[in-house]
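Asker: Residues in the sequence shown are numbered from 2 upward in steps of one, following the working numbering.
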Amino acid sequence: MADKLEDIINSRLSRRSMLKGAAFLTIGAILPLRFFDLEIPGERSKSGVFFEPISPSASDSLVLPEGYSYDIIRKWGDKINDKEYFGYNNDFVTFLPFTLANGSKDPNDGIMFVNHEYPNPLFVSGYSFEDHKAGKKKTEEQIFKEKKCVGFSIFRISYKNGKWEFVNDDRYNRRIDATSSIILSGAAAGSKEMLFAYEAAGTLGNCSGGLTPWGTVLSGEENFQDYPDENVYRWNDSENKLITEHYGWVVEVDPFDKNSVPKKRTSLGRFRHENVAIAISKDGYVAAYMGDDKEDECVYKFISSRKFNSVDLKSNADILDEGTLYAADFGNNKWLALDINQNSGLKSAFASQADVLINCDSACRAIGATPCNRCEDIEINPADGSVFMAFTNNKPKKDYHGSIVRLIERDNDPGSLEFSWEVFAAGGVDAGFSCPDNLYFDSKSNLWVLSDISSGAIGKNTYAPFKNNSLFMIPTAGENKGKAFRFASGPVDTEMCGTCFSPDEKTMFLSIQHPGETSESLTNPTSRWPNYGDDMPRPAVVAISGFGK
Ligand code: FEO
Ligand code: CA
Ligand code: CA
Ligand code: CA
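(1) Check the C-beta distance from residue 186 over to residue 319 and give it rounded, since I have them as a contact under 8 Å.
(2) With a threshold of 8 Å, establish whether the CB of residue 377 neighbours any heavy atom of ligand 2.
(3) Residues in its own chain within less than 8 Å of residue 537 by CB, not counting five upstream and five downstream?
(4) Give me whichever residues DSSP pairs with residue 52 in a beta bridge.
(5) Would a C-beta distance cut-off of 9 Å place residue 203 and residue 223 closer than the cut-off?
(6) With DSSP as the reference, label residue 314 as helix, strand or coil.
(7) So which of 102, 357, 61 and 93 has the shortest CA-CA distance to residue 272?
(8) Whole-angstrom Cβ separation of residue 442 and residue 334, contact assumed at under 8 Å?
(9) Tell me whether residue 299 counts as near ligand 4, meaning its Cβ is closer than 8 Å to at least one heavy atom of that ligand.
(10) Distance check for residue 108 and residue 130, CA to CA, integer angstroms please.
(11) Report yes if the CB atom of residue 317 is closer than 9 Å to the CB atom of residue 215, and no otherwise.
(12) From the DSSP output, in three-state form, read off residue 17 for me.
(13) Threshold first: 3 residues or longer. Then list the beta strand (DSSP E) segments lying entirely within the region 300 to 369, N to C.
(14) For a test of your reading of the model: does the CB of residue 169 fall under 8 Å from any non-hydrogen atom of ligand 1? Yes or no.
(15) Mark residue 100 as exposed unless 16 or more other C-beta atoms lie within 10 angstroms of its C-beta, in which case mark it buried.
(16) Given residue 521, which residues of its chain have a CB within under 6 Å of its CB, disregarding the five upstream and five downstream residues?
(17) In three-state terms, what does DSSP make of residue 195?
(18) How big is the Cα-Cα spacing for residue 433 and residue 482?
(19) Cβ of residue 85 within 8 Å of any heavy atom in ligand 3?
(20) Just checking my contact of residue 373 with residue 298 at CB under 8 Å: how many whole Å lie between their CB atoms?
(21) For the alpha helix (DSSP H) that residue 631 lies in, which residues bound it at each end?
(22) Where DSSP assigns a beta bridge to residue 379, which residues make up the other side?
(23) With a threshold of 8 Å on Cβ separation, who are the neighbours of residue 169 within its own chain once the five nearest residues in sequence on each side are excluded?
(24) Which whole runs of the beta strand (DSSP E) in the region 450 to 533 are 3 residues long or more, in chain order?
(25) Are the region 489 to 500 and the region 59 to 68 touching, with three or more C-beta to C-beta distances below 8 Å?
(26) Excluding the five sequence neighbours on either side, which residues of its own chain have a C-beta within less than 7 Å of the C-beta of residue 213, listed in chain order?
(27) From 259, 260, 246 and 282, pick the residue whose C-alpha is nearest to that of residue 266; which is it?
(28) Could you please give the first and the last residue of the uninterrupted alpha helix (DSSP H) stretch that includes residue 124?
(29) Helix or strand or just coil, what does DSSP make of residue 215?
(30) Please state whether DSSP places residue 159 in a helix, a strand or coil.
(31) Leaving out five residues on either side along the sequence, give the residues of the same chain with a beta carbon under 7 Å from the beta carbon of residue 504.
(32) Shortest alpha-carbon distance to residue 381 belongs to which of 211, 268 and 152?
(33) Would you check if the distance between the CB atom of residue 114 and the CB atom of residue 153 is smaller than 9 Å?
(34) Out of 338, 172 and 414, which one is the CA nearest neighbour of residue 1?
(35) With a threshold of 16 other CB atoms inside 10 Å of the CB of residue 260, please say whether the residue is buried or exposed.
(36) Which of helix, strand or coil does DSSP assign to residue 116?
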């Protein structure tokens, strides 16, 4: 039986040419097939491709299939309010509709939440690579400009005159950046390791995010470790050193309450957070899935101590502050608790639970959680509740193209501590995509996948056939299950990210990040998207129309 199982698994592995050299994949890691392949009902099994897929492109433009077009909602430098501007390197994008008097959601009016990952000093503060090589320090003004370009942009958009438009001077329009005050809450807040702080100076490194069922937005602070150093792509700030432990958390924001102060939810752990995907367990608790986008780091799940209240949504405001954090063991198909009181190994190696939460990566080593191939986005399939994870690549382990893995909780219960898993799609030349990063499910359970081949590697060597980073649609059922169809190709050097649809699914919002990132000078940038002419390249959020015609 064991041999036969191995044969089945081996044939699956070779058929999908998957994950050669992947850190976590060993035959012993794959055991129970028994709760794979949940039934997907009726309509969804017939999912079809409804656009003519485009070819790979190296052009400095946003290429879309015939019949689709885009408008820019906001781009780097555009106004958000009288004092503040849309930030740089937009990543996560989500739309929160207003609630109408009858309790239904307004499909044409709401708040857009966008986060901004990091500055490119050349375009943000004028600090060039030449300045860096010459050992020049950034001025206070340059550092300030860079701090103001990250964080969150929150603003109202409305569908008027046949398109989505930014609403000027709306009371919801605000920016939160690396100079804003942010509350530290949860199990590590106020601890000795956090220098007894309940407040952090700003937020930085925000990559992807997620929505909560209680109407707030979660944003993941990712590459926090880069900021206090002198890297040319980050700010240097020797006068005002950042407290490293105050970064690398999930930040929760209420976009509908303009006066609310965002909170860093320390009970969710500190690592290179990509995003958060929330589900409610069968017995009513909140489960939050999260990945650490670092080579050989782990996948996490937090389960709240309190039950979700679906009637009084506001009462869930601080529900992410108390609960248990787990990390995935893909060898034994179990979630392992990162709880100092449940694990003697943690007790001997860490001073406190705050110490565990602040140093999740080393705590994962101590409990035997599985090192993975850079977990980016995690999303839950609305058709069956299975959890899709994008492992983008792990070059030192010779996984160059990444894969999308599907995790199925025992009894399909997000509260379960056991699971099975399978590779849903593996990147590579035959598959047509490489380096999956952001994921998004539409209401028909088509998976939208955004590639992130790093800007310096696009079009080169093993990545040559893929050309510019692209957006793919992959059906999760039906005859095209697992096949990638290219929907969009980004301008030069870009990664496209943070996609979501409007409530009627007639418009797709998409983030175009870091055009011209490899530029060495302002006079000869590698991209001039979207304004062209003499303008610098500008990251932007676009609205794509043409769906549902
Ligand atoms: Fe900022 Fe993990 O991508
Ligand atoms: Ca990402
Ligand atoms: Ca996503
Ligand atoms: Ca990435």
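By construction, the Cβ of each residue, glycine as well, lies at the ideal position given by its N, Cα and C atoms. Remember, predicted model here, so these are calculated numbers, not experimental data.
Answerer: On the basis of the data shown:
(1) 7 Å
(2) yes
(3) 124, 517, 523, 526 and 529
(4) Note: residue 52 sits in no beta bridge, so no partner.
(5) no
(6) helix
(7) 357
(8) So it is not a contact: roughly 24 Å between Cβ atoms.
(9) no
(10) 45 Å
(11) yes
(12) A caution first: residue 17 carries a pLDDT of 33, below 50, which makes its placement in the model unreliable, though a value can still be read off. Note: residue 17 maps to coil in three-state DSSP.
(13) 300 to 308, 324 to 330 and 335 to 338
(14) no
(15) exposed
(16) 130
(17) helix
(18) 14 Å
(19) no
(20) 7 Å
(21) Since the displayed the chain opens at 2 and closes at 550, residue 631 lies outside it and no answer follows.
(22) 390
(23) 80
(24) 471 to 475, 486 to 490, 496 to 502 and 508 to 514
(25) yes
(26) 219 and 279
(27) 246
(28) 122 to 125
(29) coil
(30) strand
(31) 98, 106 and 108
(32) 211
(33) yes
(34) No answer is possible for residue 1: the residues shown for the chain start at 2 and end at 550.
(35) exposed
(36) strand
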